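Visitor: In my numbering, each residue carries its 1-based index in the sequence shown increased by 12. Dumping the structure here so I can ask a few things about it.
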Amino acid sequence: MTRVQLALMTVALSVLVTAAGSFAFHGRVGVDFLVTGFVASLLTYLVVDRLTRPLRAALRQSRDDLERRVEARTAELSEALQKLEVAHDETNALQVRMRMSERITGTGSFASAVSHEIRNPLSATLGNLELMVEMLEEGADQTEILETARDALLGARQVHTVVGDLSTLSPSKHDLPSAELSDVAHSGMRLSAHVTRRLATVRVEIPAGLRAAIAPPRLLQIVINLVINGAHATRPDHPNEIVLSGFEADGGVVLAVSDLGAGIPVDRQSKVFEPHFTTKGEEGTGLGLAIV
13 MTRVQLALMT VALSVLVTAA GSFAFHGRVG VDFLVTGFVA SLLTYLVVDR LTRPLRAALR
73 QSRDDLERRV EARTAELSEA LQKLEVAHDE TNALQVRMRM SERITGTGSF ASAVSHEIRN
133 PLSATLGNLE LMVEMLEEGA DQTEILETAR DALLGARQVH TVVGDLSTLS PSKHDLPSAE
193 LSDVAHSGMR LSAHVTRRLA TVRVEIPAGL RAAIAPPRLL QIVINLVING AHATRPDHPN
253 EIVLSGFEAD GGVVLAVSDL GAGIPVDRQS KVFEPHFTTK GEEGTGLGLA IV
């Protein structure tokens, strides 16, 4: 019985009791009135019960639906949480695999870089030795032959330096000796001549006595790479000139290598010092300007 029904029954009974007390002296009339009142109260209860039954059913249905929705939502959230945990674990596993892959790739790239750094001076050495043979066969001037032999020896020493001290591919942890910029620039110009002679002219504009706190072999490695890169940037039917210049600035020294080649697109210039960055596609295998 609902509160509404109980209230109605209470009111009806109160009315009956009051009426019965008032009309008790009428005898039979009082009994008839009580019977009539009881029947009226019963009918009222039945009518109210019938009228409120759909409402009660709707309330029960609504409560049941709410409980089911809460249970369903809780189950969905639990499933979503489990999926997130699985995704988190898979992401961690993928990161581990990626790091392992990067190490493997880095090993291969390092080997390619070493090969690249050896190939340039080695090609220069072989070219100079071949030139020496031709000069000897043609009876060239001994001074020219001696200069070519020195260039070949310089290239061989550069190969020896790269092979014997691979740490030149990364910043040194020790104090570096001083390098004469002009001497290194001229050496780099000669060692890269096997590439530049057919693509560009090379000039050195560095005053004597300008020195930098860097190991000469390492600076030579940088110069050779910059000069050869400048030569490779030569555009068809456009003369190219590579200029190596040096000057003092802000308490230090600046070594600049400029060329008249195609240049690097603006949107890629911010990446030029990243390891292995290249604009040559598959032909670029060295560390690139990262060695600078």
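Every residue gets a Cβ at the ideal spot worked out from N, C-alpha and C, and that includes glycine. Keep in mind that this is a model prediction, so the values were computed, not measured.
So, with DSSP's three-state summary, where would you put GLY200?
Guide: Along the sequence shown, read from residue 1 onward, the residue named residue 200 stands at position 188. Helix at GLY200.
Visitor: Tell me the rounded alpha-carbon separation between ASP163 and GLN170.
Guide: Taking the first residue of the sequence shown as position 1, residue 163 is located at position 151. Taking the first residue of the sequence shown as position 1, residue 170 is located at position 158. The alpha-carbon atoms of ASP163 and GLN170 are separated by roughly 11 Å.
Visitor: Just how far apart, CA to CA, sit ALA243 and HIS172?
Guide: For the purposes of this step, residue 243 is taken as residue 231 along the sequence shown, with counting starting at 1. For the purposes of this step, residue 172 is taken as residue 160 along the sequence shown, with counting starting at 1. Each residue's Cα considered, the two are about 25 Å apart.
Visitor: Counting only runs of 4+ residues fully inside the region 60-98, write out the alpha helix (DSSP H) ranges in chain order.
Guide: Qualifying alpha helix (DSSP H) stretches: none in this window.
Visitor: Looking at the secondary structure, which residues open and close the beta strand (DSSP E) in which LEU267 lies?
Guide: The count along the sequence shown starts at 1 and reaches residue 267 at position 255. LEU267 -> beta strand (DSSP E) spans 264-270.
Visitor: Cβ of PRO219 within 9 Å of Cβ of SER194?
Guide: Position 207 of the sequence shown, counted from the start, is the residue given in the question as residue 219. Position 182 of the sequence shown, counted from the start, is the residue given in the question as residue 194. Contact: yes.
Visitor: Considering only residues of the same chain and omitting the five flanking positions on each side of THR160, which have a CB-CB separation below 8 Å?
Guide: Mapped onto the sequence shown, residue 160 falls at position 148. Result list for THR160: ASN140, LEU143, MET144, MET147, in chain order.
Visitor: Report back the beta-carbon spacing between VAL265 and ALA224 to the nearest angstrom; my notes put them in contact at under 8 Å.
Guide: For the purposes of this step, residue 265 is identified with residue 253 of the sequence shown, where counting begins at 1. For the purposes of this step, residue 224 is identified with residue 212 of the sequence shown, where counting begins at 1. Rounded, the Cβ-Cβ distance is 5 Å, consistent with contact.
Visitor: Let's see if you can read the secondary structure: which residues bound the alpha helix (DSSP H) around GLY275?
Guide: Reading the sequence shown from its first residue, position 263 is the one you call residue 275. Counting along the chain, GLY275 falls outside any alpha helix (DSSP H), and DSSP gives it neither H nor E.
Visitor: Can you tell me which of the three DSSP states GLY221 falls into?
Guide: Residue 221 sits at position 209 when you count from the first residue of the sequence shown. In this structure, GLY221 counts as coil in the three-state DSSP scheme.
Visitor: Can you list, in chain order, the residues of its chain with a C-beta nearer than 7 Å to that of HIS206? Leave out the 5 residues immediately preceding and following it.
Guide: Numbered from 1 along the sequence shown, position 194 holds the residue referred to as residue 206. SER135, ALA136, GLY139.
Visitor: Taking the alpha-carbon of PRO236 as reference, which of ILE226, ARG202, SER74 has the nearest alpha-carbon?
Guide: Here residue 236 refers to the residue found at position 224 of the sequence shown. What sits at residue 236 in the sequence shown is Ile, not Pro. That would be ARG202, whose Cα lies nearest to the Cα of ILE236.
Visitor: Which residue wins for smallest C-alpha separation from ALA274, given the options SER282, LYS283, ALA212?
Guide: Mapped onto the sequence shown, residue 274 falls at position 262. Of the candidates SER282, LYS283, ALA212, the one whose C-alpha sits nearest the C-alpha of ALA274 is ALA212.
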